[in-house]
Amino acid sequence: MTLARYEQLGGTQQILAGYLDRVLAELPTETKQAAAQMILKSMFTAERTKAAVNGQEIGRSELVQTANLTEPELDRLLAYLRDRRVVRKCGDEERYELAHAVMVNKVWAWVSEAELRLLDVRNMLRREMSNYQKFGHLLTTEKLALLTNHLTILTLDHAELEMVFRSALGTGQNTAAWSSRAQALGVDVTVIAREGLNHANYRSRVAAVTNTIQLGEQFAHDLIPLLADEYPQVRVAAIHALEQMWPEHLR
Numbered sequence: 005m006t007l008a009r010y011e012q013l014g015g016t017q018q019i020l021a022g023y024l025d026r027v028l029a030e031l032p033t034e035t036k037q038a039a040a041q042m043i044l045k046s047m048f049t050a051e052r053t054k055a056a057v058n059g060q061e062i063g064r065s066e067l068v069q070t071a072n073l074t075e076p077e078l079d080r081l082l083a084y085l086r087d088r089r090v091v092r093k094c095g096d097e098e099r100y101e102l103a104h105a106v107m108v109n110k111v112w113a114w115v116s117e118a119e120l121r122l123l124d125v126r127n128m129l130r131r132e133m134s135n136y137q138k139f140g141h142l143l144t145t146e147k148l149a150l151l152t153n154h155l156t157i158l159t160l161d162h163a164e165l166e167m168v169f170r171s172a173l174g175t176g177q178n179t180a181a182w183s184s185r186a187q188a189l190g191v192d193v194t195v196i197a198r199e200g201l202n203h204a205n206y207r208s209r210v211a212a213v214t215n216t217i218q219l220g221e222q223f224a225h226d227l228i229p230l231l232a233d234e235y236p237q238v239r240v241a242a243i244h245a246l247e248q249m250w251p252e253h254l255r
């Protein structure tokens, strides 16, 4: 290619942008083209930088979930994009990323404001999950509220739901909603909740007792021993919780 022809085509960025359009256009249906776009958009952070993500993270991406892809369909699309050198594998964990940095502007232009907010939430959750696994840090009230605002949209795995449920217990915010979501994926919320009732710190026991009100009558029997707790604050909290759970028995 001559320099004049290269400049006529708009340089590397425009050439690769046109190439990406052709790669997607060669997919057999508009549905598959849209799904491929969602896959590419899932490889971004909210800061407009490339992200290396594994196949499982791509499949659970809120953006990709809208395409309703089966696992084989997702694998085939990833293989197609890799074969066409739009994405590439990197690292030892089968992670994928955009193959060319100059494609960033092209793909980013497809991201809507609503999708940007989802990317922001997903990236925050990824960071917080790393902090939880490394240091045991739970979500702050503000970050938990952000996740709760997207409760019906987020696709969380078992470990993420356990971390979020523990955070809900710790803050006392939206405990029942996250308990239901966690239970649906097999998280043993009863064991986690009971840990708090037996905590060495009496303030933690008080908070745990208060949270059981949201979790329901199944915890009533666990509160009875706390009626004899050495701390009056715990005893008062247990009485109040039992009054909420068993009003007909404590009149």
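Going by my numbering, the first residue of the sequence shown is number 5, and it counts up by one from there.
Heads up, the beta-carbon is just placed ideally off N, CA and C, and yes, glycines get one too.
**OP:** Consider the Cβ of E166: report whether some Cβ of chain C lies at a distance smaller than 8 Å.
**Re:** Here chain C cannot be found, since the structure has a single protein chain.
Subject >> As assigned by DSSP and simplified to three states, the class of E66 >> reply: As a working mapping, residue 66 is identified with position 62 in the sequence shown. DSSP places E66 in helix when its eight states are reduced to three.
Subject >> Inter-residue Cα distance where the pair is H154 and E30 >> reply: What you label residue 154 is simply residue 150 of the sequence shown in a count that begins at 1. What you label residue 30 is simply residue 26 of the sequence shown in a count that begins at 1. Those two C-alpha atoms are separated by around 35 Å.
Original post:
Can L67 and L122 be called in contact, C-beta distance under 8 Å?
Top reply: Position 63 of the sequence shown holds residue 67. Position 118 of the sequence shown holds residue 122. Taking 8 Å as the Cβ cut-off, L67 and L122 qualify as a contacting pair.
Original post:
Going by alpha carbons, who is nearest to L102 out of V91, F48, T70?
Top reply: Residue mapping note: residue 102 aligns to position 98 of the sequence shown, counting from 1. For the residues V91, F48, T70, the minimum Cα distance to L102 belongs to V91.
Original post:
Looking only at C-alpha atoms, which of N58, R52, K45, F223 sits nearest to W114?
Top reply: Translated into positions along the sequence shown, residue 114 becomes position 110. Among N58, R52, K45, F223, the Cα nearest to that of W114 belongs to K45.
Subject >> Inter-residue spacing [alpha-carbon to alpha-carbon] between A180 and L151 >> reply: Stepping through the sequence shown from its first residue, residue 180 is reached at position 176. Stepping through the sequence shown from its first residue, residue 151 is reached at position 147. Roughly 14 Å between the two C-alpha positions.
Subject >> CA-to-CA distance, L20 to L7, given in whole angstroms >> reply: Position 3 of the sequence shown, counted from the start, is the residue given in the question as residue 7. Position 16 of the sequence shown, counted from the start, is the residue given in the question as residue 20. Reliability of the predicted coordinates at L7 is poor, the pLDDT of 36 falling under 50, and the value obtained from them is presented with this limitation in mind. Rounded to the nearest angstrom, the two C-alpha atoms are 16 Å apart.
**OP:** Assuming L142 contacts S184 (C-beta within less than 8 Å), just tell me the rounded distance between them.
**Re:** Here residue 142 corresponds to residue number 138 of the sequence shown, with the count starting at 1. Here residue 184 corresponds to residue number 180 of the sequence shown, with the count starting at 1. With a Cβ gap of about 19 Å, L142 and S184 do not count as contacting.
Original post:
Quick one: what's got a C-beta closer than 8 Å to I62's C-beta in the same chain, skipping five residues either side?
Top reply: Here the question's residue 62 lines up with position 58 in the sequence shown. Around I62: I43, S46, M47, V68, L78, L82, Y100.
**OP:** May I have the straight-line CA-CA distance separating A241 from V191, to the nearest angstrom?
**Re:** If you number the sequence shown from 1, residue 241 lands on position 237. If you number the sequence shown from 1, residue 191 lands on position 187. Rounded to the nearest angstrom, the two C-alpha atoms are 26 Å apart.
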